[in-house]
Structure formats: structure tokens, C-alpha cells
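Visitor: In full-length UniProt numbering, the protein residues as written are 1 to 168. We put the CB at the ideal spot given by N, CA and C, even for glycine. Here it is: the structure, laid out below.
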């Protein structure tokens, strides 16, 4: 699950209609030290691997949440799928996310002709990682064979969804 790659997030101040340059450097004097995120991991395997310098723990329970100042996202841990979105005013939308794939040999640029119904590609027992940092919280889910989904909530109003097929 761990690729050896890291993400770097920082808060930026840019004047209106302006431009600002930022440098990423290792050990530059006068810079604030990076704060590694805390990782919560669900995996169907029995061993939990965690790379230094991260603090890792097991993800317990059937659901997990990430939040920002405006919204709370609730996930099904075993499937790694989004269940609902709650807002600070108490309202909520039940999402009940599903991911499926259609089979089609007759489709083209402007024509979609699926053969049968969509087949679900998510299965219980995958892997899910919640990354909790000072500026961002992310859920990374390996929802099915070769499929990944990532949702992130920054400290503002933005909820970003990325997903796709991992070709190996």
C-alpha cells in the first residue's frame, strides 16, 4: 500500500492578482519543521506496516469520518465507500456510493450501449487509509481489484474526489 512517495501541503498567502514563489527544501534554516500526518489503517491482512516517521493505528469500527469546518464525510470501512455527507447545520445527504463497471463492445464516441447491468467492483476486505494532518484529511481506499478512490477535505469548504483504475 505504501509507495515510498509523500505528499506535501502548505498554507500559502498570495496577494490578489499577484504571484508568489515558494521553495521546497530539506533542512533549510528558519523554516518550520514539517509535521507528518497521523495514519489510521484498515487492512484485511493481520500485520500493520507503518513507515517512519508516521504514527499509525488500526482503524476500528464499521464507519470512519473525516471532516473540515463545514462538512463531515462518513465512510463504510470494509468497502471503503462514502455513505453520507453531513453539514454543520445538521442536514445530511445519504450518498450510498457504489462503484460498478459496464461491459460494452458496441459503444462509441456518442453512443453508450452496455451489455447487461453494471457489475460491482468493490469487495469487503480491501484496504483503507485515513491521513489526518493539520491542513488536510484524506481517505485513500483500495475499493476493488486495481481500483482506488481518494477523497480529501481541506480546512476550507473543498471536498475533492479522485479515483480511477491502477494499471499494473
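Name the DSSP beta bridge partners of residue 86, please?
Guide: 72 and 92
Visitor: Report, in whole angstroms, the separation of the C-beta atoms of residue 124 and residue 71, which I expect to be a contact under 8 Å.
Guide: Wrong, their Cβ atoms sit about 26 Å apart, outside the cutoff.
Visitor: Do three or more CB pairs link the segment 36 to 44 to the segment 54 to 62 at distances below 8 Å?
Guide: The segment 36 to 44 vs the segment 54 to 62: in contact.
Visitor: Is residue 142 near residue 77, with beta carbons less than 9 Å apart?
Guide: no
Visitor: Assign residue 139 to buried or exposed, taking buried as 16 or more other Cβ atoms, counted over all protein chains shown, within 10 Å of its Cβ.
Guide: buried
Visitor: Less than 9 Å between the C-beta atoms of residue 12 and residue 23, yes or no?
Guide: no
Visitor: Mind checking which residues open and close the beta strand (DSSP E) that includes residue 104?
Guide: It is not in any beta strand (DSSP E) - residue 104 carries neither H nor E in the DSSP assignment.
Visitor: Which residue or residues does DSSP assign as beta-bridge partners of residue 58?
Guide: 41
Visitor: Using alpha carbons as the reference points, say which of 51, 73, 102 and 107 lies closest to residue 91.
Guide: 73
Visitor: Since residue 81 and residue 122 are thought to touch, with beta carbons under 8 Å apart, how far apart are those beta carbons, to the nearest angstrom?
Guide: 6 Å
Visitor: Just to confirm, is the Cβ distance from residue 96 to residue 120 under 9 Å?
Guide: no
Visitor: With DSSP collapsed to three states, give me the class of residue 136.
Guide: Note: residue 136 maps to strand in three-state DSSP.
Visitor: Please work out which residues of its chain come closer than 7 Å, Cβ to Cβ, to residue 88, disregarding the five sequence neighbours upstream and downstream, and give them in chain order.
Guide: 70
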